Every structure is written in structure tokens, then in C-alpha cells.
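Colleague: Residue numbers are given in this note's numbering: position 27 of the sequence shown equals residue 29, and the series is strictly consecutive. For each residue, glycine too, the CB sits at the ideal point set by N, CA and C. Being a predicted model, the structure only gives us computed values, none of them experimental. A single structure is presented below for examination.
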Amino acid sequence: MPQRTLRFRILPDGRVEERVEGIEGDACLGLTERLETTLGSVERREATSEAYSTRTEQSQPLSVEQH
């Protein structure tokens, strides 16, 4: 499982910038929703490249030999 990280930057004027890393798709919105509600209104939202990617699973067939 990839590491998930929330980064916060508090600006001199009191605004808070947050950045979510390691979460694909729009799952970050659910993760930060309660925090954003507590802090106040969201002025702007910028999606990162991770927001546009989808989780892919790769599988490889394995051969099993029984003796």
C-alpha cells in the first residue's frame, strides 16, 4: 500500500493550503472534507496528476506444480 500524506502550509494571512499525496482519483475529497469544513470555506481546489489516475491492478498467472 502506498504511503498517504497530508501536507499543510499556513500562510501569513491565516489561509491554510493543504496537499494530499498518495491517493488516486477523487478519494482525497472524502479524506479532507471534514477538515475543510472545520477550517472554513474552500477558496480554490487544484487537482494533482494523482487525482486523474485510477488504481490499476496487475496480475500475472502463476503455475503451480504438485509432486
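What are the boundary residues of the alpha helix (DSSP H) that Arg36 is part of?
Modeller: Ala29 to Leu41 is the span of the alpha helix (DSSP H), which, as asked, contains Arg36.
Colleague: Quick one: grab the DSSP three-state call for Glu48.
Modeller: The answer is coil: DSSP assigns Glu48 none of H, G, I, E or B.
Colleague: Taking all protein chains shown into account, do 16 or more other C-beta atoms lie within 10 angstroms of the C-beta of Ile25, making it buried, or fewer, making it exposed?
Modeller: By the 10 Å Cβ count, Ile25 comes out buried.
Colleague: Taking the alpha carbon of Leu41 as the point to measure from, which residue in Gln5, Arg11 and Glu48 has its own alpha carbon closest?
Modeller: Nearest of Gln5, Arg11 and Glu48 to Leu41, Cα basis: Arg11.
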